[in-house]
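Note that the working numbering numbers the sequence shown so that position 179 is 226, with each residue one more than the last. No residue lacks a Cβ here, since even glycine has one placed at the ideal position from N, Cα and C. All values reported here derive from a predicted model rather than from experimental measurement. Contents: one structure, followed by commentary.
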Amino acid sequence: MDHWVLNFSKKKSLIKLKSNFEAKFFLEKKSKKKPDEKYTYGYIRYSVIGSIITSTILLTGSIFVIYEAVKRLINPQELNYNGMIIISIIGVLVNTLAAMATKEGDSLNQKSVNLHMLEDVLGWIVVLIGSILIKFTNITYIDAILSIGVALFILRHAARNIKQVLDLFLEKTPENINLEEIKHHLKEIIGVIDIHHIHIRSIDGYNNFITLHAIVKEYNSEIKKQIREELEEHGICHSTIELELETENCEHKTCKIEHHNNHHHHHH
Numbered sequence: 048m049d050h051w052v053l054n055f056s057k058k059k060s061l062i063k064l065k066s067n068f069e070a071k072f073f074l075e076k077k078s079k080k081k082p083d084e085k086y087t088y089g090y091i092r093y094s095v096i097g098s099i100i101t102s103t104i105l106l107t108g109s110i111f112v113i114y115e116a117v118k119r120l121i122n123p124q125e126l127n128y129n130g131m132i133i134i135s136i137i138g139v140l141v142n143t144l145a146a147m148a149t150k151e152g153d154s155l156n157q158k159s160v161n162l163h164m165l166e167d168v169l170g171w172i173v174v175l176i177g178s179i180l181i182k183f184t185n186i187t188y189i190d191a192i193l194s195i196g197v198a199l200f201i202l203r204h205a206a207r208n209i210k211q212v213l214d215l216f217l218e219k220t221p222e223n224i225n226l227e228e229i230k231h232h233l234k235e236i237i238g239v240i241d242i243h244h245i246h247i248r249s250i251d252g253y254n255n256f257i258t259l260h261a262i263v264k265e266y267n268s269e270i271k272k273q274i275r276e277e278l279e280e281h282g283i284c285h286s287t288i289e290l291e292l293e294t295e296n297c298e299h300k301t302c303k304i305e306h307h308n309n310h311h312h313h314h315h
């Protein structure tokens with residue numbers, strides 16, 4: 048078993064390092080390009096593509112690790128624990144340094160890459176702990192149990208990353224945004240009567256965009272400025288605001304006007 052683990056771990060680490068850095072530096076660099084005629088929102092979602100690729104690799108790898116661990120539970124093999132203890136200490140140190148070098152970043156791609164690096168660190172820690180325990184207990188299936196635990200941990204986080212990516216493409220309201228709270232705060236601005244036709248989405252899981260209609264007593268650039276400032280307080284980096292007078296009819300098809308006591312109310 049120790050021969051197989053050593054060779055597999057070495058090859059796996061090299062492949063991961065190569066794929067991680069390719070994903071991080073190529074796709075992240077691409078995502079930083081400014082908007083143009085082809086990509087009016089910019090290239091931000093290239094970072095999301097990187098997240099999909101990395102998370103898929105993590106999911107597949109975790110399932111494979113679980114499969115191999117179950118096989119070792121059924122057919123335990125001897126482990127050269129002394130050699131594995133030395134190798135695993137080196138593996139932990141090297142991969143910890145690599146993980147620290149790639150820990151910064153808030154995009155989904157960077158988070159996926161960091162999780163990928165963390166998997167390597169945890170994998171070597173499992174080998175180290177398993178080798179020490181087997182040395183003193185002679186219970187060979189310990190490393191298989193620990194491997195399954197780490198694989199389940201990675202599997203859970205990778206699945207969560209993929210869910211976040213799906214939420215982006217489905218235009219779901221970002222989890223860190225409270226729509227009702229935003230409406231409430233905006234309506235507290237002097238001159239703002241109501242807020243409607245409000246749509247919020249995230250481009251990459253970090254940059255949030257919003258479009259909205261604000262019913263106001265009078266057209267006023269200061270109101271727009273205050274609305275933008277309030278939206279920034281709620282983590283929204285880009286806003287498109289349309290001002291409407293109280294006496295105006297909203298021309299958007301999803302809005303319908305109801306008249307109650309000579310007041311106009313906009314509903315979706």
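Check, Outcome
"Residue from ILE283, LEU140 and ASP214 whose Cα sits closest to the Cα of LEU175", "LEU140"
"Rounded separation between LEU215 and SER94 - CA only", "12 Å"
"Cβ-Cβ distance between GLY282 and ASN223 below 8 Å", "yes"
"Among THR258, ASN254, ARG207 and ALA205, nearest to ILE229 - alpha-carbon criterion", "THR258"
"Straight-line gap, GLU269 to ASP241 (C-alpha atoms, nearest Å)", "16 Å"
"Stretch pair the stretch 232-251 + the stretch 189-203: three plus CB contacts closer than 8 Å", "no"
"Assigned secondary structure, LEU259 (DSSP; H/G/I helix, E/B strand, else coil)", "strand"
"Validate contact between the stretch 178-196 and the stretch 79-88 using beta carbons, cut 8 Å, 3 pairs", "no"
"Short Cβ contact (8 Å threshold) for ILE288 with VAL212", "no"
"Cβ-Cβ distance between SER102 and ASN208 below 8 Å", "yes"
"CA nearest to the CA of LEU226, picked from ILE247, LYS77 and TYR114", "ILE247"
"Supposed contact pair ILE262 and GLU291 - C-beta distance, whole angstroms, cut 8 Å", "5 Å"
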